[in-house]
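**Student:** If you're matching positions, the sequence shown starts at 112 in our numbering and goes up one per residue.
Note that the Cβ used here is the ideal one computed from N, Cα and C, for glycine as well.
Predicted model only: the values in this text are computed from it and were never measured.
I have a structure I would like to understand better, so I am pasting it below and will then ask my questions one at a time.
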Amino acid sequence: MACPDAPLDARHRSGIGDRGRADARGRRSPPPRTVRSRRPRRAPRVEPTVTALSRRAFFSAVAVASIASLAACSPSTTSPLILGCGEPGGSYLEFGELLAAATRTSRAVAIRPLATEGSIDNLRLLSEGRVDLALALVDAAAEAGGDVVAIGRVYQNYLQCIVRADSGISRMSDL
């Protein structure tokens, strides 16, 4: 140990803790070395990224997988689903014919369009079990009641405001 009268730098040579003990001759041994492991360091662990799946995406995936598996199990010839459409020359029957054409190459489903008198007739045929599917306006389906379910919107329909011819009203600004 340095004497108290020694300069500051002699008392605190490096400022780093113990420098070893002095032997009989007054020589100091070097400080102990730290021993490092020779094992290679492990890479930091990376947690897998989990992406949240929405309920809609999950059920859509399940529906697609179910349809695909059912299509694979179905026989090559299926009896067509009869679709009640609308009057000959009308847009509902034309839609039914386009839908039938789109399903001709499918092994899972076939559709046969049926010309009818329209929504009310289609709903009646559906309730009697004479058609499997029916095209119908939502107001006609609501009025008909019964145990039916809308499975999809075919296209957006336009609403017309109609008055009697003798009302004197010929445009919206007349209201």
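At the level of alpha carbons, what is the spacing between residue 223 and residue 266?
**Tutor:** Looking at the two C-alpha atoms, the distance is approximately 20 Å.
**Student:** Does residue 225 come out as helix, strand or coil in the three-state DSSP assignment?
**Tutor:** If DSSP states are grouped into helix, strand and coil, residue 225 belongs with the strands.
**Student:** Checking 8 Å against the spacing of the C-beta atoms, do residue 195 and residue 244 come in under that value?
**Tutor:** Contact flag set, yes.
**Student:** Taking the alpha carbon of residue 272 as the point to measure from, which residue in 286, 227, 233 and 193 has its own alpha carbon closest?
**Tutor:** When only C-alpha atoms are compared, the closest one is 286.
**Student:** According to DSSP, simplified to helix, strand and coil, what is residue 237?
**Tutor:** In the structure shown, residue 237 sits in a helix (DSSP, three-state: H, G or I).
**Student:** Helix or strand or just coil, what does DSSP make of residue 193?
**Tutor:** The answer is strand: DSSP assigns residue 193 an E or B state.
**Student:** Keeping to the same chain, check which residues put their C-beta closer than 8 Å to that of residue 189; ignore five residues upstream and five downstream.
**Tutor:** The answer, listed in chain order, is 218, 219, 220 and 221.
**Student:** Can you say whether residue 230 is buried or exposed, counting buried as having 16 or more other CB atoms within 10 angstroms of its CB?
**Tutor:** Buried: at least 16 other Cβ atoms inside 10 Å.
**Student:** Taking a contact to mean a Cβ-Cβ separation below 8 Å, would you say residue 225 touches residue 193 in this structure?
**Tutor:** In contact: residue 225 and residue 193 (Cβ atoms closer than 8 Å).
**Student:** Excluding the 5 residues preceding and the 5 following residue 238 in the sequence, name in chain order all residues of the same chain whose CB lies nearer than 7 Å to its CB.
**Tutor:** Closer than 7 Å at Cβ, skipping near neighbours: 257.
**Student:** Which residue comes first and which comes last in the alpha helix (DSSP H) that contains residue 250?
**Tutor:** Note, residue 250: alpha helix (DSSP H), 249-255.
**Student:** According to DSSP, what are the bridge partners of residue 245?
**Tutor:** DSSP output for residue 245 lists 195 as bridge partner(s).
**Student:** Assuming residue 201 and residue 246 form a contact by the criterion Cβ under 8 Å, report the distance between their Cβ atoms to the nearest whole angstrom.
**Tutor:** In fact, because the Cβ distance is near 10 Å, the residues do not count as touching under 8 Å.
**Student:** Which first and last residues belong to the alpha helix (DSSP H) in which residue 202 is found?
**Tutor:** Run containing residue 202: 202-213, per the alpha helix (DSSP H) assignment.
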